[in-house]
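To keep things clear, I will list the structure first and then write my remarks on it.
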Amino acid sequence: MAGILYIVATPIGNLSDLSERVKDVLKSADLLLVEDTRVSAKLLNHLGIKKQLVSCHAHNEHERLAMLSEAAEKELTVALLSDAGTPLISDPGGELVSKAVELGFTVVPIAGPSAFLLALVGSGLPCDRFSFEGFLPDKPKDVRDVLISLVKETRTLVFYISPHKLERTLSEACALMGTRKACLARELTKMHEEFIRGTLEEIADKVRQSQTRGEYVLVVEGDRRSDSEDGDEDTLAAKEYEEYVRLRLEQGDRPSDVAQDAAKLFKRKRSDVYRLVVDFQKERQNRLGECDN
Ligand code: SAM
C-alpha cells in the first residue's frame with residue numbers, strides 16, 4: 020500500500036471553474052506539489068486554505084521523485100497542481116505520475132479545464148479524431164519540419180501557441196495549410212474569450228490587423244482531400260503540394276530528399292516531382308540573377 024496521488028486540474032482564467040472536489044482534495048492533501056508556489060498560493064488564499072507548498076517544475080521534477088518515495092512509505096496523500104489547467108498537458112508532472120504508478124500510489128485525476136479541449140469543442144471542427152500537438156518547437160526550421168510532417172494528417176490538429184510567436188506561427192502554417200478551416204481560440208473562460216474562425220489565411224489576416232493579445236490555442240482542420248473527388252479540392256491539393264516542395268527547397272533540403280518525400284506524401288510520380296524541383300530551382304536562380312543585376 021502506498022499513498023494517493025491526486026492530479027488536480029485548476030482554472031485557466033475563471034475561478035468559478037473551481038469544483039467542490041478540487042477544494043476538498045486541496046484541504047485534505049498532506050503534501051502539495053505545485054509548479055509555481057506563488058501562483059498556487061493565490062489559489063489557496065482564495066479558498067482560505069493555509070498549507071505549505073513544495074515547488075515541482077520542469078527543472079526540479081526529477082529531484083522530487085525522492086520526496087514521492089518518502090510519501091509512499093508514509094502512505095501520504097499528495098496533490099499535484101500546475102499553474103493553470105491540467106497538469107502534464109504541456110506542463111510538468113509526467114515523470115512524477117510515472118514514478119507514482121511504479122511506487123503503487125492510487126492515482127486519481129480530478130477533472131477540470133484544459134485549454135486544448137475547450138478550444139477543440141468550441142472550434143466547430145471535427146472532434147471525433149484529433150491530434151494534440153502542444154507547443155511547436157522554438158526554431159523556425161524545426162517548426163516547419165513539424166508542420167511538414169503534419170500536412171497529410173487527417174485528424175484535426177490542436178496547437179498551443181505562445182503569444183509572442185502567434186504571427187510567425189500563423190504565417191508558417193499558412194504556407195502549408197492556408198486554405199484549410201481553422202479556429203483560433205483566445206482567452207478561454209476569461210472575460211475576452213473569443214473564437215476566431217475561418218481559413219488559416221483569413222485568421223492570419225485578422226490577427227495582423229487587430230493585433231490581438233492573450234493566450235491562444237490554434238485548431239486546424241485535418242487533411243480532407245484524399246477522400247474527396249471534388250475538383251476544387253484537387254486544386255487545393257496541387258497548391259499545397261507545390262508549397263511543400265517550394266518550402267523544403269527554400270530551407271535548403273536536398274532536392275532528391277524533397278522529391279522522394281513529396282512523391283510519397285502527395286502520391287505523385289517521382290519524375291513529376293523532379294520536374295517541379297528543377298522548375299523551382301531555375302526560377303530561384305533567375306530571381307537571384309535579377310537581384311545581382
Ligand atoms: N496545462 C494547461 C492546460 O491544461 O491547458 C496548459 C499549460 S501550457 C504551459 C499554457 C498554454 O495553454 C498557453 O500558452 C496557451 O496556448 C494555452 N492556454 C492556457 N490557458 C489558456 C486560455 N485561457 N485561453 C487560451 N489558451 C490557453
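One gets our numbering by counting positions in the sequence shown from 1 and adding 19 to each. Yeah, the Cβ is synthetic: ideal placement off N, Cα and C, and Gly gets one too.
Closer than 7 Å: residue i CB and nearest the ligand SAM heavy atom
i: L207; result: yes
i: E80; result: no
i: I31; result: yes
i: E221; result: no
i: T231; result: no
i: T105; result: yes
i: S168; result: no
i: D110; result: yes
i: F214; result: no
i: V116; result: no
i: Y235; result: yes
i: A201; result: no
i: A98; result: no
i: Y293; result: no
i: A60; result: no
i: Y25; result: no
i: S150; result: no
i: S142; result: no
i: I180; result: yes
i: S35; result: no
i: A134; result: yes
i: A194; result: no
i: A204; result: yes
Where residue i sits in the DSSP three-state scheme
i: E248; result: Residue confidence is low: E248 scores 45 on pLDDT, short of 50, so the model does not pin down where it sits. No coordinate-derived value is stated.
i: L284; result: helix
i: R267; result: helix
i: L24; result: strand
i: G241; result: coil
i: A77; result: coil
i: T198; result: coil
i: T105; result: coil
i: T125; result: strand
i: R306; result: helix
i: V296; result: helix
i: R205; result: strand
Cβ shell of residue i (< 6 Å), same chain only, five flanking positions each side left out
i: Y25; result: V44, A98, V127, I129
i: T173; result: G241, D242
i: L295; result: V264
i: S142; result: C202, V238
i: D249; result: Because the pLDDT of D249 is 48, which lies under 50, any placement of that residue in the model is unreliable, and the number read from its coordinates should be weighed accordingly. Contacts found: none.
i: E114; result: E80
i: E212; result: E206
i: G123; result: A21
i: L137; result: L207
i: G233; result: R205, E206
Element boundaries [alpha helix (DSSP H), containing residue i]
i: G113; result: 113 to 122
i: E213; result: No alpha helix (DSSP H) holds E213; the beta strand (DSSP E) holding it covers 213 to 218.
i: K46; result: 39 to 47
i: K61; result: 56 to 66
Contacting residues, own chain, Cβ-Cβ under 7 Å from residue i (five flanking each side not counted)
i: E309; result: none
i: L50; result: V73, A90, L95, V97
i: L144; result: T175, K200, C202, V238, E240
i: L66; result: K42, L45
i: Q270; result: K160, R163
i: E262; result: A194, L195
Residues near residue i in its chain [Cβ-Cβ closer than 8 Å; skip 5 each side]
i: C344; result: Given that the chain is displayed from residue 20 to residue 312, the structure contains no residue 344 and the question cannot be resolved.
i: K70; result: L45, A48, L51, L63
i: V165; result: E152, L155, P156
i: A28; result: V41, G104, T105, P106, P128, I129, A130, G131, P132, S133
i: V277; result: V264, R267, L268, V292, V296
Run of the beta strand (DSSP E) containing residue i, from where it starts to where it stops
i: R83; result: Segment 83 to 92 is the alpha helix (DSSP H) holding R83; no beta strand (DSSP E) there.
i: T29; result: Note, T29: premise wrong, no beta strand (DSSP E); not H, not E.
i: L95; result: Neither: L95 is in no beta strand (DSSP E) and is coded neither H nor E.
- Task: List in chain order: all unbroken beta strand (DSSP E) runs of 3+ residues lying wholly within the region 130 to 185.
- Result: 149 to 154, 175 to 180
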